[in-house]
Amino acid sequence: MHACRSTLEDPRLIIDDKRYEAIRDLPFAGSLKSMFGGEIKILEVDVDEETAKRILQAFPSARVDARGYLEDLPVAFKRALFEAVVKTRSLGKEAIEEVFRNIEAIKELAKKEKEYVPPP
């Protein structure tokens, strides 16, 4: 993990046309990154080390890879994070705090993913 911060990169928030419509007027819409020759657009959310630890504690299957990125987070978390980004109009702490307001419900949805993984 980077000493100062880590980046939620996987779950990269995949931005399809429907999601793009939800964020296109937000200030960070221009910061989308391309993958696979521009076929997929992603949005990355930066978190500090303390927040990364909270996320890892909430989701035991999550991990930090060698690059310091959070990996293997549940679809329920990714979906909630996108909804929080739209609601708070922020890629920062405000969005993460919005997710943690509902973390117990998100954890319950994540448990069901072991039986069925919903589309992101």
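Numbers in the numbering used here are just positions in the sequence shown, counted from 1, shifted up by 1067. In this text, a Cβ means the ideal position worked out from N, Cα and C, and glycines have one as well.
Secondary structure at residue i, three-state DSSP: helix, strand or coil?
| i | result |
| --- | --- |
| Asp1139 | coil |
Can you find the residues in the same chain that come closer than 6 Å, C-beta to C-beta, to residue i, ignoring five residues on each side of it along the sequence?
| i | result |
| --- | --- |
| Phe1095 | Leu1158 |
| Leu1093 | Arg1156 |
| Ala1151 | Ala1162, Glu1165, Val1166 |
Measuring straight from C-alpha to C-alpha, what distance separates residue i and residue j?
| i | j | result |
| --- | --- | --- |
| Glu1076 | Glu1138 | In this prediction, Glu1076 scores a pLDDT of 42, lower than 50, which makes its location untrustworthy; the coordinate-derived value is nonetheless stated afterwards. So the two alpha carbons sit approximately 7 Å from each other. |
| Val1166 | Asp1132 | 22 Å |
| Leu1140 | Leu1176 | 12 Å |
| Ser1098 | Asn1169 | 27 Å |
| Met1188 | Lys1108 | Given a span of 1068 to 1187 for the chain in the structure shown, any question on residue 1188 remains unanswerable. |
Here's a check: name, in chain order, each residue in its chain whose Cβ is nearer than 8 Å to the Cβ of residue i, leaving out the five neighbours to either side.
| i | result |
| --- | --- |
| Gly1105 | none |
| Leu1123 | Ala1129, Arg1130, Val1131, Leu1137 |
Could you tell me which uninterrupted beta strand (DSSP E) segments, each at least 3 residues in length, are contained entirely in the segment 1089-1160, listed from first to last along the chain? The segment 1089-1160 contains these whole beta strand (DSSP E) runs: 1100-1102, 1107-1115.
Inspect the CB distances between the segment 1172-1180 and the segment 1109-1121 and report whether three or more fall short of 8 Å. Flag = no, the segment 1172-1180 and the segment 1109-1121 do not touch.
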